[in-house]
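First the structure, in the form of structure tokens, and then the observations on it.
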Ligand code: ATP
Ligand code: MG
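Numbering (UniProt numbering), first residue to last: 10 to 220.
Take a look at the structure:
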């Protein structure tokens, strides 16, 4: 988190939270659109820590973190934070925002989520505090209706971001790997290679994994 803004205005930092299991083009297009439309100096991707209920099927936080690094390495405005990966216990957005706010008091924080996730976060506890800590940005996502924001009375507190529609989800990408179907152009090439090398999502792997 080191990019400098133009002289005379506070830095604008986009925060892209997610499981990234794995990261796909929908995430990258959303982050880039947020950067351009909101004039962000930087977008930091925050892979979530391990879910508290220990699930053997869950991809390790380390693998998800590394795939996120591979996918974002070529974009000078993108970075990846280990904040949630390195934290013990469950991931709470409010805690993450508190920590970022304290560490970066002069920076305007933009918390970017897709249309599905925004509705969840705003119904959580501490939603009011979240809205004070960051500007909430709701990205359009195929299959999810932002009109529900209206119904929940939070439309005014959220900035809507129009993202080119990509009906890509990590769930679908995992299932494609599992069933041996094509994932090309849905995820970055480097991420596909990483998945096959490490035998994630039911792929055979190269047999070299140490555990
Ligand atoms: P899963 O199917 O495992 O839930 P996902 O594709 O929803 O995966 P997440 O890691 O859950 O990916 O999403 C991280 C953030 O990116 C969320 O805010 C989500 O709404 C947003 N997002 C994911 N895919 C898209 C997409 N295709 N278009 C716009 N936003 C997206
Ligand atoms: Mg999701």
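All C-beta atoms in this analysis are idealised placements derived from N, C-alpha and C, irrespective of residue type, glycine included.
With distances taken between CA atoms, residue 70 lies nearest to 97 out of 180, 97, 50. If you draw a straight line from the Cα of residue 57 to the Cα of residue 93, it comes to about 5 Å.
Of the residues 169, 127, 161, 55, the one whose Cα lies closest to the Cα of residue 109 is 55.
Counting C-beta pairs with one atom in each stretch, the segment 112-121 and the segment 75-83 have fewer than three that are closer than 8 Å, which means they do not touch.
A distance of 7 Å or more separates the beta carbons of residue 140 and residue 161. In this structure, the straight-line span from the alpha carbon of residue 90 to that of residue 41 is close to 17 Å.
With contact defined as three or more Cβ pairs closer than 8 Å, the segment 42-52 and the segment 197-216 are not in contact. Around the ligand ATP, the residues whose beta-carbon falls short of 6 Å from at least one of its heavy atoms are 27, 28, 29, 30, 35, 36, 39, 122, 123, 125, 126, 148, 150, 172, 175, 177, 178, 179, 180, given in chain order. Per DSSP, the unbroken alpha helix (DSSP H) holding residue 198 starts and ends at 198-207.
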